[in-house]
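For reference, the structure discussed in these notes is given below.
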Amino acid sequence: FLSGRAWEIVRNTVAYPGLNVKLVATHAGVTVGEDGASHQMLEDIALMRVIPDMTVIVPSDYPETEQVIRAVADLKGPCYVRLGRSSVPVLAHKKNYQFKPGKAEVRRDGGDVTIIACGIMVAAADEAAEILARQGIDAAVLNMASIKPIDSAAILKYARKTGLIITAEEHNVVGGLGSAVAEVVTGKEPVLIQRVGMQDRFGQSGDADELIRHYRLTAAEIVRTVRKHFKADKKTATRSSVSPNAKKSASRAQRSSTMKKKAARTARKR
334 FLSGRAWEIV
344 RNTVAYPGLN
354 VKLVATHAGV
364 TVGEDGASHQ
374 MLEDIALMRV
384 IPDMTVIVPS
394 DYPETEQVIR
404 AVADLKGPCY
414 VRLGRSSVPV
424 LAHKKNYQFK
434 PGKAEVRRDG
444 GDVTIIACGI
454 MVAAADEAAE
464 ILARQGIDAA
474 VLNMASIKPI
484 DSAAILKYAR
494 KTGLIITAEE
504 HNVVGGLGSA
514 VAEVVTGKEP
524 VLIQRVGMQD
534 RFGQSGDADE
544 LIRHYRLTAA
554 EIVRTVRKHF
564 KADKKTATRS
574 SVSPNAKKSA
584 SRAQRSSTMK
594 KKAARTARKR
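Numbering (the working numbering), first residue to last: 334 to 603.
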């Protein structure tokens, strides 16, 4: 309830005066399970990142959470850290990986599609990339633990490189990670973005793992989304790769051919 009932207090009493307050909220997302929709906070990223100067962090596992807590302790100003309730797998981070606000962790390089995930969906993104690799699709995976500030440079780099972005989050797709990524690429590097997450709906009571599968917050859904849009995206890219001069030349050639046919028909009539 930290980002719900207390939102006005956070806005007016903490953020507005710029107090050095760190907010750490647990039980986010559908993994609260049996507590149901009233306790499943699926809107908190949107609610918190809209507050001016509020830092918003969503760690992926225990080791990163430890680094995040140490990092935000050194930050000046308000900060919101989002944690879930259920246990999550410990990911294989690089030995020299160090969380930094505003920086993404590039977990895997790739040239066909970019998967950007946060929180528990990072593990799903890793798994999806492995499946896609076996299917001949080279996926890059970015762990975007820092939602605000967000790593715009990394997003734009991979937008240019792959031309297709899939975001994955245990949060409403409205206002969350997917929206933040879209805000970065719009007007700078417009590419196709598809969002895996809660599709603008409330949760329900149930076992955490069952709810994850029910709402398709899985590696399989990421793979399905990539495969659905990968070919269409590449076809679009192929069409758009034709230069304007080539299009003009083709148009002139077509007009010339049409004029010759008309002239030939006129000559036959005479």
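All C-beta atoms in this analysis are idealised placements derived from N, C-alpha and C, irrespective of residue type, glycine included.
Cβ-based burial, residue i [other Cβ within 10 Å; buried from 16]
{"i": "ASP394", "result": "buried"}
{"i": "PRO422", "result": "exposed"}
{"i": "ILE342", "result": "exposed"}
{"i": "GLY452", "result": "buried"}
{"i": "ALA458", "result": "buried"}
Cut-off 8 Å between Cβ atoms - residues of its own chain near residue i, not counting five sequence neighbours on either side
{"i": "ARG338", "result": "none"}
{"i": "PRO434", "result": "THR388, ILE390, ALA404, VAL405, LEU408, SER479 and PRO482"}
{"i": "VAL401", "result": "ILE390, PRO392, VAL414, PHE432 and ALA478"}
For residue i, the residue or residues it bridges with in DSSP
{"i": "ALA450", "result": "ASN476 and ALA501"}
{"i": "MET531", "result": "ASN505"}
{"i": "ILE526", "result": "ILE498"}
{"i": "GLU438", "result": "ASN476"}
{"i": "TYR413", "result": "LEU356 and VAL389"}
{"i": "LYS481", "result": "VAL389"}
Beta-carbon contacts of residue i that lie in its chain and below 7 Å, excluding the five residues immediately before and after
{"i": "ASP566", "result": "With a pLDDT of only 48 at ASP566, under the threshold of 50, the placement of this residue in the model should not be trusted; the figure read from the coordinates follows. These residues qualify, in order along the chain: GLY496, LEU497 and LEU525."}
{"i": "GLU460", "result": "ALA552"}
{"i": "ASP442", "result": "ALA473"}
{"i": "ALA370", "result": "PHE535, GLY536 and GLN537"}
{"i": "VAL357", "result": "VAL414 and LEU416"}
Own chain partners of residue i with C-beta closer than 6 Å, once the 5 adjacent residues on each side are dropped
{"i": "TYR491", "result": "THR447 and ALA473"}
{"i": "LEU550", "result": "GLU503"}
{"i": "ILE545", "result": "none"}
{"i": "GLN527", "result": "ILE499, THR558 and HIS562"}
{"i": "PRO411", "result": "VAL347, ALA348, VAL354 and MET387"}
Sub-7 Å separation of residue i and residue j beta-carbons
{"i": "ALA379", "j": "GLY511", "result": "no"}
{"i": "ARG415", "j": "VAL365", "result": "no"}
{"i": "VAL439", "j": "LEU475", "result": "yes"}
{"i": "ALA462", "j": "ALA501", "result": "no"}
{"i": "ASP445", "j": "ASP471", "result": "yes"}
DSSP three-state assignment for residue i, whether helix, strand or coil
{"i": "ARG560", "result": "helix"}
{"i": "ILE402", "result": "helix"}
{"i": "ILE378", "result": "helix"}
{"i": "ALA456", "result": "helix"}
{"i": "SER574", "result": "With a pLDDT of 39 at SER574, under the threshold of 50, the predicted position of this residue should be treated as unreliable, though the coordinate-derived value follows. In the structure shown, SER574 sits in coil (DSSP, three-state: anything other than H, G, I, E or B)."}
{"i": "ALA425", "result": "coil"}
{"i": "ALA361", "result": "strand"}
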